[in-house]
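Residue numbering for the sequence shown follows the UniProt record's numbering, starting at 1 and increasing by one per position.
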Amino acid sequence: MRWYVSIGAVLVAGMLAGGDVAGVAAPSVAAQSGHRFADKESNPSVDVELIIAVDVSYSMDMDELAVQREGYAQAIMSKEFLQALKAGPNGRISITYFEWAASKDQKLIIPWRVIDGPETADAVAAEIMKTPVRRASRTSISGAIYYAIPMFDENPHRGLRRVIDISGDGPNNDGMPIRPARDAALEKGIVINGLPIMVKEPSYSTMDIENLDYYYEDCVIGGPGSFVVSIKDREKFKEAIRTKLLLEVAGRTPEHHVVPVADKEPRVNCLIGEKIWQDRWGR
């Protein structure tokens with residue numbers, strides 16, 4: 001079942017219990033490269049393998065891009081995030097972070113890293129913040145998903161769950177259609193969650209759409225417990241990012257004011273981005 005929640009609807013306090021962080025060292029690449037990939041499937045060593053896929057298309061203004069970057073960095077270092085980390089059976093997660101725009105434009109910012117406490121969380125946050133903010137053309141959510149899928153096979157740490165966290169402020173308008181990409185991930189047991197950014201009025205010039213949250217619910221997210229956290233207030237941008245990461249790390253679905261999304265025809269045409277692009281540019 002898929003779920004939708006707006007930020008502020010999640011009460012984090014009480015959801016996250018304590019527990020000790022498992023101080024399990026990452027395996028040596030040189031010494032264990034021969035057997036670690038064979039072992040990881042039968043011996044999960046992290047609670048979740050989390051891919052953060054961040055939209056850097058031109059429809060995002062520079063302020064939004066900076067706040068988005070800061071939001072992820074601050075969320076990873078937050079006390080609430082570290083409490084969620086401790087609550088897991090392994091007390092550690094594996095995370096990677098990349099930026100995307102067009103179907104062939106994905107830039108890896110953070111390769112797979114294990115976060116198991118404050119020091120590793122701070123190190124990942126610092127890596128996110130030191131990379132210069134960039135912008136690029138087109139919006140290919142499908143390209144981001146296809147890029148993310150094989151990344152799980154490259155991760156030496158097997159998780160109890162595999163999650164792609166996608167943020168964006170517009171519909172797919174480049175590359176393959178979105179639904180086949182989503183289905184390809186779901187077939188591999190990957191969950192996709194969404195963070196639709198809706199802080200500006202829809203504009204023809206940036207090819208925005210109304211009800212982007214519906215588009216994400218019906219066309220983008222999928223898998224057991226998948227959900228959307230929409231951002232409709234610029235002032236709550238960072239709060240929304242933190243809420244989403246907490247839910248993903250804790251392996252929870254929203255608990256308050258939740259509306260289940262039934263399997264039915266999409267409320268928004270899943271090809272609307274491609275249609276807008278063709279209407280505007282004739283290709």
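Note that CB positions come from ideal geometry on N, CA and C, so glycine has one too.
Task: Per-residue DSSP class, three states only, for residue 353 - done: Coverage of the chain is limited to positions 1 through 283, which leaves residue 353 absent and any answer about it impossible.
- [ ] Could you spell out the range, first to last residue, of the alpha helix (DSSP H) harbouring G168?
- [x] Residue 168 sits at position 168 when you count from the first residue of the sequence shown. Looking at the DSSP string, G168 is not in any alpha helix (DSSP H); the run it does join, the beta strand (DSSP E), is 159-168.
Task: Rounded separation between G225 and R135 - CA only - done: As a working note, residue 225 is residue 225 in the sequence shown. As a working note, residue 135 is residue 135 in the sequence shown. So the two alpha carbons sit approximately 32 Å from each other.
- [ ] Could you have a look at E210 and say whether DSSP puts it in helix, strand or coil?
- [x] Counting from 1 along the sequence shown, the entry for residue 210 is found at position 210. Coil, per DSSP.
Task: Where K107 falls: helix, strand or coil (DSSP) - done: In the sequence shown, residue 107 corresponds to position 107, counting from 1. DSSP places K107 in strand when its eight states are reduced to three.
Task: Residue closest to S59, alpha-carbon to alpha-carbon, out of G251, E239, K200 - done: Along the sequence shown, one-based indexing puts residue 59 at 59. The shortest CA-to-CA distance from S59 to any of G251, E239, K200 is the one to K200.
Open item on the list: I need the straight-line Cα distance from R280 to A101, nearest angstrom please.
Closed with: For this step, residue 280 is matched to residue 280 along the sequence shown. For this step, residue 101 is matched to residue 101 along the sequence shown. Each residue's alpha carbon lies about 19 Å from the other.
Task: For G273: DSSP bridge partner residues - done: Reading the sequence shown from its first residue, position 273 is the one you call residue 273. The partner list for G273 (beta bridge, DSSP) is empty, contrary to what the question assumes.
- [ ] Check whether the Cβ atoms of A148 and M77 lie closer than 8 Å to each other.
- [x] Sequence index remark: in the sequence shown, residue 148 carries index 148 (1-based). Sequence index remark: in the sequence shown, residue 77 carries index 77 (1-based). Not a contact, by the Cβ cut-off of 8 Å.
- [ ] Report the rounded CA-to-CA distance for P118 versus K79, giving the unit in angstroms.
- [x] In the sequence shown, counting from the first residue as 1, residue 118 sits at position 118. In the sequence shown, counting from the first residue as 1, residue 79 sits at position 79. For the pair P118 and K79, the Cα-to-Cα distance works out to about 9 Å.
Open item on the list: Closer than 8 Å is the cut-off here; do at least three beta carbon pairs connect the segment 95-112 with the segment 265-281?
Closed with: With a cut-off of 8 Å, the segment 265-281 and the segment 95-112 do not count as touching, because too few Cβ pairs lie within range.
Open item on the list: Quick check: what's the CA-CA separation for L195 versus D116?
Closed with: Locating residue 195 in the sequence shown gives position 195, counting from the first residue. Locating residue 116 in the sequence shown gives position 116, counting from the first residue. L195 and D116 have their C-alpha atoms spaced approximately 24 Å apart.
Open item on the list: For a quick check, are the C-beta atoms of S167 and I197 less than 8 Å apart?
Closed with: Translated into positions along the sequence shown, residue 167 becomes position 167. Translated into positions along the sequence shown, residue 197 becomes position 197. Yes, they are a contact pair.
Task: DSSP-derived helix/strand/coil call for G222 - done: Mapped onto the sequence shown, residue 222 falls at position 222. Here G222 carries a strand assignment [DSSP, helix/strand/coil].
Open item on the list: Below 8 Å, how does it come out for the segment 135-144 and the segment 49-58: are there three or more Cβ pairs, yes or no?
Closed with: Contact between the segment 135-144 and the segment 49-58 is present, because at least three Cβ pairs lie under 8 Å.
TODO: For V21, name the three-state secondary structure that DSSP assigns.
DONE: For the purposes of this step, residue 21 is identified with residue 21 of the sequence shown, where counting begins at 1. Its pLDDT being 29, under 50, V21 is placed unreliably in this model, and the coordinates cannot settle the point.
Open item on the list: Less than 8 Å between the beta carbons of Q74 and K236, yes or no?
Closed with: Indexing the sequence shown from 1 puts residue 74 at position 74. Indexing the sequence shown from 1 puts residue 236 at position 236. No, the Cβ-Cβ distance between Q74 and K236 is not below 8 Å.
Task: V124 - containing alpha helix (DSSP H), residue span - done: Translated into positions along the sequence shown, residue 124 becomes position 124. For V124, the enclosing alpha helix (DSSP H) begins and ends at 118-130.
- [ ] Use the C-beta contact count for Q278: other C-beta atoms within 10 angstroms, 16 or more gives buried, fewer gives exposed.
- [x] Numbered from its first residue, the sequence shown carries residue 278 at position 278. Residue environment: Q278 is assigned as exposed (fewer than 16 neighbouring CB atoms within 10 Å of its CB, all protein chains considered).
Task: For S94 and V124, believed in contact at Cβ under 8 Å, the rounded distance - done: As a working mapping, residue 124 is identified with position 124 in the sequence shown. As a working mapping, residue 94 is identified with position 94 in the sequence shown. With a Cβ gap of about 11 Å, V124 and S94 do not count as contacting.
- [ ] State the CB to CB distance for the pair I192 and I221, rounded to an integer number of angstroms; the pair is presumed to be in contact (CB under 8 Å).
- [x] By one-based count along the sequence shown, residue 192 stands at place 192. By one-based count along the sequence shown, residue 221 stands at place 221. With 8 Å as the limit, I192 and I221 qualify as a contact, their Cβ atoms being about 5 Å apart.
- [ ] Could you have a look at A66 and say whether DSSP puts it in helix, strand or coil?
- [x] For this step, residue 66 is matched to residue 66 along the sequence shown. DSSP places A66 in helix when its eight states are reduced to three.
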